[in-house]
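K.L.:
Residues 1 to 233 in UniProt numbering are what the sequence shown lists, from first letter to last.
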Amino acid sequence: MIEFKEYAILFSRPNMVYRFEQIGNQYPGYLCVFTDEFFDQFVTIKNYPLFNPEIAPLMEITASQMESFTRIFQEMTQEMTLDFSYKYDMLRTKILQLVLDALKLRPSPDLSTRKPNSANRITAYFTELLEGQFPIADQSYRMILRNPQEFADELSVHVNHLNRSLKQVTDKTTTQHIADRMIKEAKTLLQDTEWNIMEIAWSLRFEDLSHFIKFFKKNVKSTPSVFRKNLVV
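1. Reducing DSSP to helix, strand and coil, say where Leu100 ends up.
2. Are Phe151 and Arg181 touching if we call contact CB-CB under 8 Å?
3. Taking all protein chains shown into account, do 16 or more other C-beta atoms lie within 10 angstroms of the C-beta of Arg114, making it buried, or fewer, making it exposed?
4. Distance check for Gln97 and Glu79, CA to CA, integer angstroms please.
5. Can you tell me whether Met143 is helix, strand or coil according to DSSP?
6. Pull up the CB-CB distance for Ser118 and Pro57, whole angstroms please, since I reckon it's below 8 Å.
7. Based on DSSP bridge pairs, tell me the residues matched to Met59.
8. Note down, in chain order, each residue of its chain lying with its Cβ closer than 7 Å to the Cβ of Ile144, except the 5 sequence neighbours on either side.
9. List the endpoints of the continuous alpha helix (DSSP H) containing Trp202.
10. How many whole angstroms separate the CB atoms of Arg228 and Leu190, which I take to be in contact at a CB cut-off of 8 Å?
11. For the alpha helix (DSSP H) containing Asn230, name the first residue and the last one.
12. Counting along the chain, where does the alpha helix (DSSP H) carrying residue 236 start and finish?
13. I need the boundaries of the alpha helix (DSSP H) containing Ser118, first residue and last residue.
14. Taking the alpha carbon of Phe42 as the reference point, which residue from Thr93, Lys218, Ile178 has its own alpha carbon closest?
15. Considering only their Cβ atoms, is the gap separating His177 from Met130 smaller than 8 Å?
16. Could you give the residue range of the alpha helix (DSSP H) that holds Asp180?
17. Is the beta carbon of Ile197 less than 8 Å from the beta carbon of Val220?
18. When you compare each of Met59, Asp208, Gln74, Val232 to Glu6 by their alpha carbons, which one comes out closest?
19. Kindly indicate which three-state DSSP category Thr44 falls into: helix, strand or coil?
20. Compare the beta carbon distance of Cys32 and Ile95 with 8 Å and say whether it is the shorter of the two.
21. Quick check: the Cα distance between Asp40 and Leu155, rounded to an integer number of angstroms?
22. Taking Ile61 and Leu105 to be in contact with their CB atoms under 8 Å, please state how far apart those CB atoms are, rounded to whole angstroms.
23. Using 8 Å for Cβ pairs, my map puts Ala186 next to Pro148. What's the rounded Cβ distance?
24. Is DSSP giving Thr35 helix, strand or coil here?
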């Protein structure tokens, strides 16, 4: 969880799911969603440091900085209403201006000169892929990546290399990371939804209910039903 008190700008990344929780007063904001393809033959937007998984995605800003960013968003909104053949080129320019203005506020000269640590980079991308599958908010959704080999294939690395990298950086194996996150999500679904145990098992890609119960009991020392029952005691 990332908390901020007043003004902030967030540069989210592919494969990551973000949930915003409003605490206290409500504040207006802007949202801009685009794809890598939107910037084809313009710039490689994902190469900018703000989209590096090793960099914190959220920046707290001042009121005056907020006004500056707000003007850019307002200009983008205005551009969308115009009958102009090159308005999407203009929008690309405005988005790039947002990125560059944000980079001015958080200079990081070392990012362009140092070689990123391979294990750290792999760990960061693995974490994005894993966390990007949660929270599960709909019964029609299932985990896509569930075992070490599937993650390794997605990251284009050997499964042993992935495991060594995670072990080096976090002192936990790939299997442990996946199991811990699945247990966390299972607990959340048991607590916050009325889904039955079979539906929760299915969403976590268990084809056999008994396998899910065994997995849950191994990690929690309780069956899913008993865990849920104890929540209301």
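Glycine is no exception: its CB is placed at the ideal position from the N, C-alpha and C atoms.
P.N.:
Well, looking at it:
1. As a position in the sequence shown, residue 100 is number 100, starting the count at 1. Of the three classes helix, strand and coil, the one that applies to Leu100 here is helix, per DSSP.
2. If you number the sequence shown from 1, residue 151 lands on position 151. If you number the sequence shown from 1, residue 181 lands on position 181. In this structure, Arg181 does not lie closer than 8 Å to Phe151 by Cβ.
3. The sequence position of residue 114 within the sequence shown is 114, counting from 1. Low confidence applies here, because Arg114 scores a pLDDT of 45, under 50, leaving its location unreliable; read the following figure in that light. Arg114 is exposed by the Cβ-count criterion.
4. Taking the first residue of the sequence shown as 1, we reach residue 79 at position 79. Taking the first residue of the sequence shown as 1, we reach residue 97 at position 97. About 15 Å.
5. Here residue 143 corresponds to residue number 143 of the sequence shown, with the count starting at 1. Met143 falls in the coil class under three-state DSSP.
6. Within the sequence shown, residue 118 is the residue found at index 118, counting from 1. Within the sequence shown, residue 57 is the residue found at index 57, counting from 1. Between Pro57 and Ser118 the Cβ distance is about 22 Å, and since that is not below 8 Å, they are no contact.
7. Sequence index remark: in the sequence shown, residue 59 carries index 59 (1-based). According to DSSP, which records beta bridges pairwise, Met59 is partnered with Ile9.
8. Residue mapping note: residue 144 aligns to position 144 of the sequence shown, counting from 1. Gln133.
9. As a working note, residue 202 is residue 202 in the sequence shown. That run of the alpha helix (DSSP H) goes 197–203.
10. Stepping through the sequence shown from its first residue, residue 228 is reached at position 228. Stepping through the sequence shown from its first residue, residue 190 is reached at position 190. So it is a contact: roughly 5 Å between Cβ atoms.
11. Here residue 230 corresponds to residue number 230 of the sequence shown, with the count starting at 1. Run containing Asn230: 224–231, per the alpha helix (DSSP H) assignment.
12. The structure shown does not extend to residue 236, since the chain is modelled only from 1 through 233, so no value can be given for it.
13. Position 118 of the sequence shown holds residue 118. Unbroken alpha helix (DSSP H) run through Ser118: 118–131.
14. Stepping through the sequence shown from its first residue, residue 42 is reached at position 42. The shortest C-alpha separation from Phe42 is found at Thr93.
15. In the sequence shown, counting from the first residue as 1, residue 130 sits at position 130. In the sequence shown, counting from the first residue as 1, residue 177 sits at position 177. According to the sequence displayed, residue 130 carries Leu and not Met. Yes, Cβ-Cβ distance for Leu130 and His177 is below 8 Å.
16. Taking the sequence shown and counting its residues from 1, the one referred to as residue 180 is at position 180. Note, Asp180: alpha helix (DSSP H), 174–192.
17. As a position in the sequence shown, residue 197 is number 197, starting the count at 1. As a position in the sequence shown, residue 220 is number 220, starting the count at 1. Their beta carbons are not under 8 Å apart, which means Ile197 does not touch Val220 by this criterion.
18. The count along the sequence shown starts at 1 and reaches residue 6 at position 6. The candidate whose alpha carbon is nearest that of Glu6 is Met59.
19. Here residue 44 corresponds to residue number 44 of the sequence shown, with the count starting at 1. Here Thr44 sits in coil by DSSP.
20. Counting from one through the sequence shown, the residue named residue 32 turns up at place 32. Counting from one through the sequence shown, the residue named residue 95 turns up at place 95. For Cys32 and Ile95, yes; Cβs fall inside 8 Å.
21. Here residue 40 corresponds to residue number 40 of the sequence shown, with the count starting at 1. Here residue 155 corresponds to residue number 155 of the sequence shown, with the count starting at 1. Distance between the alpha carbons of Asp40 and Leu155 is about 22 Å.
22. Looking up residue 61 in the sequence shown gives position 61. Looking up residue 105 in the sequence shown gives position 105. Indeed they touch by this definition, with Cβ atoms about 7 Å apart.
23. One-based indexing of the sequence shown puts residue 186 at position 186. One-based indexing of the sequence shown puts residue 148 at position 148. Actually they are not in contact, since the Cβ atoms of Ala186 and Pro148 sit about 19 Å apart, beyond 8 Å.
24. Along the sequence shown, read from residue 1 onward, the residue named residue 35 stands at position 35. It is coil, neither helix nor strand.
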